[in-house]
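Numbering (our numbering), first residue to last: 375 to 496.
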Amino acid sequence: APVRNRWKCPHCPHVQHNRRGPDLRRHIATHTKQQWVCCGVPLIDAKALGVPFVDGVLANGLEATVWVFEGTVMVGGCRTTFSRRDAFGRHLKREKGRCWGDMGALYQPGNRGDSDLHSTSS
Numbered sequence: 375a376p377v378r379n380r381w382k383c384p385h386c387p388h389v390q391h392n393r394r395g396p397d398l399r400r401h402i403a404t405h406t407k408q409q410w411v412c413c414g415v416p417l418i419d420a421k422a423l424g425v426p427f428v429d430g431v432l433a434n435g436l437e438a439t440v441w442v443f444e445g446t447v448m449v450g451g452c453r454t455t456f457s458r459r460d461a462f463g464r465h466l467k468r469e470k471g472r473c474w475g476d477m478g479a480l481y482q483p484g485n486r487g488d489s490d491l492h493s494t495s496s
């Protein structure tokens, strides 16, 4: 039987050379858990949150799709998924004026406490 490297990701060639278990678990989660979604903001809150949305079009001329995310009508997101909150935050900063969102919102699966992202079981 081949020797298994306990520091190699089971999903890609990545090897965790610093041998830190939390770093490897965080890396593996990027393959398996989408916890944050660039889903925009609730349509009912869009104006108060500064989303320049009028009649289906953003002020910058981009079309804004209104859609339902987990039971809430949303506007202003590109629907990209992220396994890490900090990556979602960087996306919102990089796409400012194109994507709107709330990193701390309870409609984000990663903020609800039903996540097994930090589980140590295998």
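Glycine included, each C-beta is placed from N, C-alpha and C at the ideal position.
task: Buried or exposed for V411, please, with buried defined as at least 16 other CB atoms from any protein chain shown within 10 angstroms of its CB.
output: buried
task = With DSSP collapsed to three states, give me the class of P483.
result = helix
Does DSSP classify P416 as helix, strand or coil? strand
| query | When the Cα atoms are used, what is the spatial distance from A420 to G484? | reply | 22 Å
Worksheet item: K467 by DSSP, collapsed to three states: which one?
Response: When secondary structure is reduced to three states using DSSP, K467 falls in the helix class.
Backbone CA spacing between G414 and D460 [nearest angstrom]:
16 Å
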